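Residue numbers (the working numbering): -3 to 219. Note that beta-carbon positions come from the ideal geometry of N, C-alpha and C, so glycine has one too. Note that the structure is predicted; figures quoted are calculated from it, not measured.
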Amino acid sequence: MTVIVLSGPIGAGKSSLTEILSDYIGTKPFYESVDNNPVLPLFYKDPKKYAFLLQIFFLNTRFHSIKAALSDDNNVLDRSIYEDSLFFHMNADMGRATKEEIDTYDELLATMMGQLEKMPKKTPDLLVHIDVSYDTMLKRIKKRGRSFEQLSYDPSLADYYQSLLDYYKPWYEHYDYSPKIKIDGDKLDFMASDADRQEILDMIVAKLKELGKLPTDWQPKNA
């Protein structure tokens, strides 16, 4: 039994890889709802006003998701609570949160992480991080077509997206809740190429076998 969490910037392909991976190794996928998020469009219209509210919304949903996943112990999550602070503190550094909001957020996150430490399974078994360049990120954002994410909707999003990539680099380096692997999302297009998809799946399965989370003779059911 294993719990895998995915990470990566907007447009990296986390939800697609979650579906691919859960089907391949036979686990339950957990998806973070964006289309049904009532705060996200408000944030894109007025980031300074809604940054704190948006992050509290995400923090709440991510906390419930990771608790459910750790309890079930057979899941893949396309986004997790472990990334949450990255987003909020980036927005705070951009002047989109007050000191009181920062203090409140940090205290709430610490309380939630403390609750996870009381669970029988306390952390995921593996983090799979999808690393993409700025150009790849923009291409995939454009392809999926959410109007409020497009640079044509708000040209200032260019700086926001670039900052997000900059924040992910140290975040990944310092992530230590579980073993981790990094996928080159520029080189390996798992959404368009069967060969690239299989290469990534082989990488993840090999890591899970190394960690003892899959039997050494494990093979997918359709093999």
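Residue 64 and residue 172 have their C-alpha atoms roughly 21 Å apart.
Apart from sequence neighbours up to five positions away, the residues of its chain that approach residue 48 with a beta-carbon distance below 6 Å are 93 and 97, ordered along the chain. For residue 31, there is no enclosing alpha helix (DSSP H), as DSSP gives it neither H nor E. For residue 157, the number of other beta carbons within 10 angstroms of its own is at least 16, and it is reported as buried. Secondary structure of residue 71 (DSSP, three-state): strand.
One alpha carbon belongs to residue 205, the other to residue 212, and they sit about 6 Å apart.
Annotated three-state conformation of residue 11 is helix, per DSSP. Assignment of alpha helix (DSSP H) within the segment 121 to 158, counting only whole runs of 4 or more residues, yields 130 to 140 in chain order.
The segment 194 to 205 and the segment 142 to 161 do not touch, with fewer than three beta-carbon pairs separated by less than 8 Å. Beta-carbon to beta-carbon, residue 160 and residue 5 are separated by about 5 Å, close enough to satisfy the 8 Å threshold. With fewer than three CB-CB distances shorter than 8 Å, the segment 162 to 179 does not count as touching the segment 21 to 40.
C-alpha of residue 113 to C-alpha of residue 120: approximately 12 Å in a straight line. Three or more Cβ pairs closer than 8 Å define a contact, and the segment 73 to 84 meets that threshold against the segment 100 to 109. Here DSSP, grouped into helix, strand and coil, assigns residue 213 to coil. Nearest to residue 86 by alpha-carbon distance, out of 0, -2 and 155, is 155. Bridge pairing for residue 3: 125 [DSSP].
Membership of residue 102 in the alpha helix (DSSP H) is indicated by the continuous run 95 to 112. Pairing residue 1 with residue 55 gives a Cβ-Cβ distance that is not under 7 Å. Between the alpha carbons of residue 39 and residue 105 lies a distance of about 20 Å. A distance below 7 Å separates the beta carbons of residue 196 and residue 179. Excluding sequence positions up to five before and after residue -3, its CB lies within less than 6 Å of the CB of 69 and 70, all in the same chain and listed in chain order.
Residue environment analysis places residue 181 among the buried positions, since at least 16 neighbouring C-beta atoms fall within 10 angstroms of its C-beta. Where residue 180 is concerned, the enclosing beta strand (DSSP E) starts and stops at 176 to 180.
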